[in-house]
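Chemist: Heads up: the protein sequence lines correspond to chains A and B, in order.
Residue numbering for the first sequence follows the working numbering, beginning at 47 and increasing consecutively.
Residue numbering for the second sequence follows the working numbering, beginning at 47 and increasing consecutively.
Just so it is clear, CB atoms sit at the ideal spot from N, CA and C, and this is done for glycine as well.
Nothing here was measured: the structure is a model prediction, and the numbers come from that model.
Handing you this structure, nothing more for now.
Protein chains: 2
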Amino acid sequence: MSSSTPRLANAVATFGPLCVGLDPSPESLANWDLPDSPAGALEMCSVVLESCTGLIGIVKPQVGFFERFGASGVSTLETVINDAHAAGLAVIADAKRGDIGSTMAGYAKAWLTDGPLCSDALTVTPYQGFGSLEPAFVQADVSGATVFVLCATSNSDAETIQRATLDGQSLPATVARYARERTGTTDTVGVVVGATRSLADSGLDASDLEGLYVLSPGFGAQGAELSRLREIFGSASARVIPSVSRSVLTDGPTGVREQIARHLQELAL
Amino acid sequence: MSSSTPRLANAVATFGPLCVGLDPSPESLANWDLPDSPAGALEMCSVVLESCTGLIGIVKPQVGFFERFGASGVSTLETVINDAHAAGLAVIADAKRGDIGSTMAGYAKAWLTDGPLCSDALTVTPYQGFGSLEPAFVQADVSGATVFVLCATSNSDAETIQRATLDGQSLPATVARYARERTGTTDTVGVVVGATRSLADSGLDASDLEGLYVLSPGFGAQGAELSRLREIFGSASARVIPSVSRSVLTDGPTGVREQIARHLQELAL
Chain A
47 MSSSTPRLAN AVATFGPLCV GLDPSPESLA NWDLPDSPAG ALEMCSVVLE SCTGLIGIVK
107 PQVGFFERFG ASGVSTLETV INDAHAAGLA VIADAKRGDI GSTMAGYAKA WLTDGPLCSD
167 ALTVTPYQGF GSLEPAFVQA DVSGATVFVL CATSNSDAET IQRATLDGQS LPATVARYAR
227 ERTGTTDTVG VVVGATRSLA DSGLDASDLE GLYVLSPGFG AQGAELSRLR EIFGSASARV
287 IPSVSRSVLT DGPTGVREQI ARHLQELAL
Chain B
47 MSSSTPRLAN AVATFGPLCV GLDPSPESLA NWDLPDSPAG ALEMCSVVLE SCTGLIGIVK
107 PQVGFFERFG ASGVSTLETV INDAHAAGLA VIADAKRGDI GSTMAGYAKA WLTDGPLCSD
167 ALTVTPYQGF GSLEPAFVQA DVSGATVFVL CATSNSDAET IQRATLDGQS LPATVARYAR
227 ERTGTTDTVG VVVGATRSLA DSGLDASDLE GLYVLSPGFG AQGAELSRLR EIFGSASARV
287 IPSVSRSVLT DGPTGVREQI ARHLQELAL
């Protein structure tokens with residue numbers, strides 16, 4: 047896993063940018079008649095991984111759905127990450143971690159080094175300051191991974207914090223500026239920008255995202271249409287990684303591959 | 047664990063507010079000649095827990111130092127939490143989690159229900175909006191736990207985000223206002239406010255923290271003096287839970303109890 051080749055870029059170059067979520071929520075497991083347990087989560091993820099193989103290049107486990115079972119759920123996630131890598135898929139660990147100093151270094155070690163949770167990208171949260179995330183950036187530089195910093199999220203409550211401004215700039219634009227300054231010519235730092243509202247409504251301009259990978263949830267079940275990606279992101283579209291989760295699960299285990307194929311068609315429109 | 051008695055309040059009423067961190071960082075383990083492994087972390091935490099018993103009422107495991115080992119580290123943390131409870135100590139899981147909807151509910155289930163990581167309080171991060179944390183507040187209401195929302199943190203990078211303002215109010219003051227509105231007469235919601243700078247320098251006034259539990263790191267090794275707690279927090283002091291971590295480890299395993307006793311004296315000054 048120690049390599050300076052940006053691993054996400056490799057996946058995108060081979061399969062395109064579509065990312066499929068691994069979201070074994072209680073609701074999804076019930077819909078699939080699977081037990082709400084680590085075994086149920088593993089079964090669901092195995093089906094989704096098999097359906098992704100050869101079609102797309104990136105999966106995104108939602109860590110909270112594993113962590114809710116404690117260590118046994120985290121152990122299941124280790125298996126899922128290992129299985130994804132064995133199937134040639136890049137993994138974005140959607141953990142939204144954030145802390146300072148040696149604690150942040152602990153999270154970077156967990157998710158971005160050679161350990162059992164080692165992923166190709168990690169989502170992080172910037173409330174404690176952009177610079178507090180530096181231990182993750184340093185580790186990502188070493189291993190060719192990408193750190194996606196929460197920037198403008200797609201949930202309705204987001205604006206209670208993200209509408210804040212700093213030196214006349216919106217909080218999302220501030221985060222994006224720090225990300226552009228830090229990422230340099232590699233893919234070390236990206237941002238998370240939801241797709242359910244316009245960039246302008248999030249206090250962003252497409253130029254704020256220039257050169258950054260943009261992980262964008264909110265497609266599929268959450269309402270944004272993949273066919274409108276270029277309209278939403280404008281000149282930043284080429285580096286957007288759209289993520290779909292619940293929508294690929296709606297037709298049960300046998301329908302996942304067809305749902306993914308449908309999303310790929312929407313993205314190509 | 048299902049009870050409507052605020053568990054943190056019980057601990058404070060019996061032993062006072064001092065909280066001791068459980069921080070098995072690589073540096074601390076090396077200083078104690080312990081292996082940088084889950085077994086080393088467990089050994090360090092066992093010594094600290096034993097030294098706390100009967101002296102203080104609250105411990106705070108720093109989750110990143112366990113998670114860095116993957117599932118085996120999380121399993122160790124389960125043991126540590128169980129041992130702390132068996133010793134009559136309340137546990138603040140310093141996990142700084144944050145997400146939306148069913149994912150946030152997943153984190154609430156992990157840390158605030160009957161599972162193996164069940165704690166008496168949890169730290170969370172508000173970047174995705176204060177309301178996004180509601181699933182944790184709901185679970186805390188049920189189980190008598192407290193959710194500490196990051197408000198003004200003690201690290202030097204914090205101001206790159208926390209200096210932002212919203213409707214003329216600082217971001218920390220905004221978070222504190224939401225916390226006051228949500229917590230009501232129980233201890234459901236508290237805030238994290240670092241002690242290494244003045245409240246004014248963090249964009250806060252003591253009245254912003256009225257009625258809230260305030261978890262305050264930054265004491266001991268990070269520079270703030272426990273004897274100055276009342277000076278720093280003014281009228282909010284009565285509900286401040288000061289946390290010390292590295293400073294209790296400095297004299298090795300045999301010195302922990304003495305260091306805690308020293309901190310208790312400083313706090314009483």
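Within the chosen definition, does the stretch 295 to 315 of chain A reach the stretch 98 to 111 of chain B through at least 3 CB pairs nearer than 8 Å?
Modeler: no
Chemist: Please identify the residue among I146/A, G214/A, G161/A, S71/A whose C-alpha is closest to the C-alpha of G119/A.
Modeler: Closest option to G119/A, Cα to Cα, is S71/A.
Chemist: Taking the alpha carbon of P63/A as the reference point, which residue from L261/A, P172/A, V126/A, I127/A has its own alpha carbon closest?
Modeler: L261/A
Chemist: Check each candidate in K155/B, H131/B, L250/B, E271/B and name the one with the smallest Cα separation from D187/B.
Modeler: K155/B
Chemist: Let me check understanding here. Comparing Cα to Cα, which of A267/A, A182/A, R53/A, D160/A lies closest to L151/A?
Modeler: The sequence given here places Ala at residue 151/A; Leu does not occur at that position. Nearest of A267/A, A182/A, R53/A, D160/A to A151/A, Cα basis: A182/A.
Chemist: Out of T125/A, C197/A, S148/A, point me to the one whose CA is closest to C164/A's CA.
Modeler: T125/A
Chemist: Assess, as a yes-or-no matter, whether the stretch 225 to 243 of chain A is touched by the stretch 205 to 219 of chain B under the definition of 3 or more beta carbon pairs within less than 8 Å.
Modeler: no
Chemist: Measuring only the C-alpha atoms, how far is E277/B from G269/A?
Modeler: 51 Å
Chemist: Check the Cβ of V294/B against every Cβ in chain A and list those closer than 8 Å, keeping chain order.
Modeler: The contacting residues do not exist; V294/B stays about 16 Å from chain A at best.
Chemist: How is the beta strand (DSSP E) around P288/A delimited, first residue to last?
Modeler: Here the beta strand (DSSP E) through P288/A covers 286 to 290.
Chemist: Beta strand (DSSP E) containing C197/A: first to last residue?
Modeler: C197/A -> beta strand (DSSP E) spans 192 to 198.
Chemist: Out of S248/A, V105/A, T234/A, S178/A, state which residue places its alpha-carbon closest to the alpha-carbon of S189/A.
Modeler: Considering only alpha carbons, the answer is T234/A.
Chemist: Does the beta carbon of Y153/B come closer than 7 Å to any beta carbon on chain A?
Modeler: yes
Chemist: Which bits of chain A does N128/B rub up against, with CB to CB less than 9 Å?
Modeler: Result: empty, since nearest Cβ-Cβ is about 11 Å, beyond 9 Å.
Chemist: Using DSSP with H/G/I as helix, E/B as strand and the rest coil, what is R143/A?
Modeler: strand
Chemist: Measuring only the C-alpha atoms, how far is N201/B from Q174/A?
Modeler: One alpha carbon belongs to N201/B, the other to Q174/A, and they sit about 8 Å apart.
Chemist: Would you decide whether P107/B is buried or exposed? Buried here means 16 or more other CB atoms lie within 10 Å of its CB.
Modeler: Buried is the label assigned to P107/B, since at least 16 other Cβ atoms lie within 10 Å of its Cβ.
Chemist: When you compare the CB positions of Q185/B and L168/B, do they come within less than 7 Å of one another, or not?
Modeler: No.
Chemist: Please indicate yes or no: does the CB of V221/B lie closer than 6 Å to some heavy atom of the ligand MN?
Modeler: With respect to the ligand MN, the structure shown offers nothing to examine, as it has no ligands at all.
Chemist: Hey, which unbroken runs of the beta strand (DSSP E) at 3 residues or more fall wholly within the stretch 78 to 140 of chain B?
Modeler: Those beta strand (DSSP E) runs which fall completely within the stretch 78 to 140 of chain B and span 3+ residues are 104 to 107.
Chemist: So within the stretch 203 to 283 of chain A, which uninterrupted beta strand (DSSP E) runs reach at least 3 residues, ignoring any that extend past its ends?
Modeler: 235 to 239, 260 to 262
Chemist: Leaving out five residues before and five after S74/B in sequence, what residues of the same chain have Cβ atoms less than 8 Å from its Cβ?
Modeler: M90, R292, L295
Chemist: Establish whether the CB of I207/B and some CB of chain A are separated by less than 7 Å.
Modeler: yes
Chemist: Does the Cβ-Cβ distance between I104/A and A136/A come in under 7 Å?
Modeler: yes
Chemist: Going by other Cβ atoms of all chains shown within 10 Å of its Cβ, with 16 needed for buried, is S244/B buried or exposed?
Modeler: The residue in question, S244/B, is exposed, as its Cβ has fewer than 16 Cβ neighbours within 10 Å.
Chemist: Taking only beta-carbon atoms, is Q185/A less than 7 Å away from chain B?
Modeler: Output row for Q185/A: interface = no.
Chemist: Would you say L64/A reaches chain B, if we count a Cβ-Cβ gap shorter than 7 Å as a contact?
Modeler: no
Chemist: Quick one, which of G257/A, L212/A, A141/A has its alpha-carbon nearest T229/A's?
Modeler: G257/A
Chemist: Would R285/B and Y259/B qualify as a contact pair, given that the criterion is a beta-carbon distance under 7 Å?
Modeler: yes
Chemist: Using the rule of at least 16 other Cβ atoms within 10 Å of the residue's Cβ for burial, across every protein chain shown, is R274/B buried or exposed?
Modeler: Result: exposed.
Chemist: Is it right to say D247/A is buried, meaning 16 or more other beta carbons lie within 10 angstroms of its own, or is it exposed?
Modeler: exposed
Chemist: When you compare the CB of P162/B with every CB in chain A, is at least one pair closer than 7 Å?
Modeler: Taking Cβ atoms only, chain A reaches closer than 7 Å to P162/B, which makes this a yes.
Chemist: Have a look at S148/A, A198/A, S178/A and flag the residue whose alpha-carbon is nearest the alpha-carbon of D251/A.
Modeler: A198/A
Chemist: Roughly how many angstroms separate the alpha carbons of L179/B and P172/B, rounded to a whole number?
Modeler: Put simply, the backbone Cα of L179/B is about 7 Å away from that of P172/B.
Chemist: By how many angstroms is the C-alpha of L101/A removed from the C-alpha of P263/B?
Modeler: Using only the alpha carbons, I get a separation of about 48 Å.
Chemist: Buried or exposed for Q311/B, going by 16 or more other Cβ atoms inside 10 Å?
Modeler: Q311/B comes out exposed.
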